[in-house]
Amino acid sequence: MTNNMFFIANWKMFGDIRSVNSTKKVIKLSKNKKYKRAQIIYCPPYTLLEKFLKITKKSKIKIGAQNCHYSQRPGPFTGSISANLIKSIGANYVIIGHSENRISEDNNHTINLKIKSALKEKLKVIFCIGETLNEKRRNKTNLVLKNQITRGLKNIKNNNIIFAYEPVWSIGTGVIPTNNSLKKQILNIKKIINKFCKIKNPKIIYGGSVNTKNITELKKISLINGFLIGGASQNTKNFIDIIKKTIN
Ligand code: PEP
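Quick look at the structure:
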């Protein structure tokens, strides 16, 4: 394995001002030549973005937001944050289409608008896709992924997109796909991107219950360009352990 690997920490609505300091050990690791292939990205809650940007300033760790509004202009959207606001404080990435947001505000159309808005601001997009348990049971996975990708990326030609395959049934449950089925899905996603999108060498990462134990199996899938990590990334020791076990 020679390519760079993404380790994207999705802190969701966890962490507070004190937890920012817990990242110091990760910053130290990011400066260690041995782990230079690790591209670490922290996506904390909006209110911690500035603190994260400050503490990671002298490292190669990047910072992202967990969502953005679809509007490309400022407007009367109480409680919302635009891609422009995220970019203006110095963040580089934004997660779009996370299944926890697809439950409420997001659908393939709003996700498409959000991605356009983020790319216009030159933010890199972590685009989440994945089927629910119900869709998996009804053998709808391929169709769901195809719709999410083609509708989410309608009229978009841009390479600044990382595809995060996150089967919804795997998020926060401790259940992960077998390596064989994960490999099959990654190949399927590549095929869809190849056929319908003008994106060269797409980066595809996996997310869903990645932890210090299952990482030794997951890292064997050479098609994977990294991991989107929720729960385990909020514990610095575990996050470091995952990075070290992947890149050894
Ligand atoms: C996520 O929410 O993106 C995620 C991968 O969560 P977890 O690792 O906790 O399953």
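Residue numbers (our numbering): 859 to 1106. Quick reminder that beta carbons are idealized off the backbone N, C-alpha and C, glycines included.
**Request:** Go through the segment 921–999 residue by residue and report every complete run of the beta strand (DSSP E) that reaches 3 residues or more, in order.
**Result:** 951–954 and 982–987
**Item:** Limits of the unbroken beta strand (DSSP E) element including I1062
**Value:** Along the sequence shown, read from residue 1 onward, the residue named residue 1062 stands at position 204. Its beta strand (DSSP E) spans residues K1061 to G1065.
**Request:** For the segment 885–897 and the segment 926–939, state whether three or more C-beta atom pairs, one from each stretch, are separated by less than 8 Å.
**Result:** no
**Item:** For N1061, the nearest candidate out of N1052, K1042, N1083 and K1077 (CA to CA)
**Value:** The residue given as residue 1061 occupies position 203 in the sequence shown. What sits at residue 1061 in the sequence shown is Lys, not Asn. Comparing Cα positions, the closest option is N1083.
**Request:** Say whether the segment 1044–1059 touches the segment 936–955, bearing in mind that this needs 3 or more beta-carbon pairs closer than 8 Å, one atom from each stretch.
**Result:** Using a C-beta cut-off of 8 Å, the segment 1044–1059 makes no contact with the segment 936–955, since fewer than three inter-stretch Cβ pairs fall below that distance.
**Asked** Comparing alpha-carbon positions, which option in I1087, I987, T881 and W869 lies nearest G1032?
**Response** Indexing the sequence shown from 1 puts residue 1032 at position 174. Minimum Cα distance to G1032 is reached at I1087.
**Request:** Could you pull the start and end residues of the beta strand (DSSP E) that L1086 belongs to?
**Result:** Taking the sequence shown and counting its residues from 1, the one referred to as residue 1086 is at position 228. Counting along the chain, the beta strand (DSSP E) containing L1086 begins and ends at G1084 to I1087.
**Message:** Suppose you measure from the CA of I913 to the CA of K998; what does that come to, to the nearest Å?
**Reply:** As a position in the sequence shown, residue 913 is number 55, starting the count at 1. As a position in the sequence shown, residue 998 is number 140, starting the count at 1. Taking the straight line joining both Cα atoms gives about 43 Å.
**Residues bridged to I1020 (per DSSP)** = As a first step, residue 1020 is located in the sequence shown; it is residue number 162 there, counting from the start. Answer is I984 and K1061.
**Prompt:** Taking the continuous alpha helix (DSSP H) assigned at N1096, which residues delimit it?
**Reply:** The residue you call residue 1096 lines up with position 238 of the sequence shown. Segment T1094 to T1104, the alpha helix (DSSP H) holding N1096.
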